[in-house]
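In this note's numbering, the protein residues as written are 688 to 901. Just so it is clear, CB atoms sit at the ideal spot from N, CA and C, and this is done for glycine as well. Quick notes on the structure that follows.
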């Protein structure tokens with residue numbers, strides 16, 4: 688319920704921010720609908736505007752006037768007949784003009800169509816916010832994927848370390864067994880050395896006695 692209230696308030700806020708203005712444009716000073724989109728560069732708004740209006744008709748740019756325009760746009764939510772749309776885009780805002788061919792749309796001349804156009808511009812404001820959040824979502828998702836990949840690497844490393852430990856334990860066990868066998872062999876060898884030393888000494892004595900008088 689709180690979420691629905693928040694969304695409703697957000698809708699009302701954006702619609703309320705869609706205000707009618709009198710503004711100089713390529714065809715003179717005309718009525719238009721302006722919406723403020725905070726902390727958003729003109730280039731970003733332009734990108735979203737082109738995507739948002741692609742089904743209305745072909746967007747063209749009047750660089751001299753600093754406008755984007757669509758001739759014979761089809762916007763059924765405003766009126767069944769074709770109209771021309773002009774958009775003046777700046778940092779943090781956009782002004783949209785609707786030329787009905789016999790005059791520009793205004794709240795005074797066409798109140799019903801104006802309200803539909805106002806809602807359309809407000810919806811564009813929502814789309815800009817969505818696109819900002821989509822970019823944020825993509826960025827944060829990339830971070831999440833990197834964290835997951837890092838975690839997978841840590842797990843692989845952990846398994847490798849555990850394997851190293853098991854292999855090291857096996858080597859230690861084998862080395863301990865070898866040490867035990869080695870020490871037993873040393874005892875045996877020492878016994879053999881002592882016995883052989885005694886034999887050598889006796890043979891040496893025999894050698895020393897040869898040719899000597901009794």
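* To do: Thinking residue 775 and residue 712 are a contact (beta carbons under 8 Å), I'd like their distance in whole angstroms, please.
  => 6 Å
* Please classify residue 865: does DSSP put it in a helix, a strand, or coil? => helix
* **Run of the alpha helix (DSSP H) containing residue 729, from where it starts to where it stops** => 729-739
* To do: Taking residue 770 as part of the beta strand (DSSP E), name the residues at either end of that continuous run.
  => 770-777
* Per DSSP, the bridge partner or partners of residue 717 -> 710
* To do: Compute the Euclidean distance between the alpha carbons of residue 781 and residue 805, then round it to the nearest angstrom.
  => 12 Å
* DSSP three-state call for residue 749: helix, strand or coil? -> strand
* To do: Report yes if the C-beta distance between residue 757 and residue 745 is below 8 Å; otherwise report no.
  => yes
* Decide if the segment 758-771 is in contact with the segment 789-806; the criterion is three or more beta carbon pairs, one per stretch, under 8 Å apart. => yes
* **Spatial distance of residue 887 from residue 894 (CA atoms)** => 10 Å
* Asked: Going by other Cβ atoms of all chains shown within 10 Å of its Cβ, with 16 needed for buried, is residue 717 buried or exposed?
  -> buried
* Where residue 933 sits in the DSSP three-state scheme -> With the chain covering 688 to 901 only, the question about residue 933 has no answer from this structure.
* Proximity below 8 Å, CB of residue 815 to CB of residue 735 -> yes
* Looking at C-alpha atoms only, which residue of 789, 864, 722 is the closest neighbour of residue 683? -> Nothing about residue 683 can be read from this structure; the chain reaches only from 688 to 901.
* Asked: Taking just the CA atoms, how far does residue 755 sit from residue 749?
  -> 6 Å
* Asked: Where do the ends of the beta strand (DSSP E) carrying residue 780 lie?
  -> 780-786
* Asked: How long is the line joining the alpha carbons of residue 695 and residue 843, rounded to whole angstroms?
  -> Only weak support is given to the placement of residue 695: the predicted model assigns it a pLDDT of 42, under 50, and the question is left unresolved by the model.
* Asked: Among 769, 867, 784, which residue has its Cα nearest to the Cα of residue 710?
  -> 784
* Cβ-based burial, residue 692 [other Cβ within 10 Å; buried from 16] -> Confidence at residue 692 is low in this model, with a pLDDT of 42, below 50, so its placement is unreliable and no value can be given for it.
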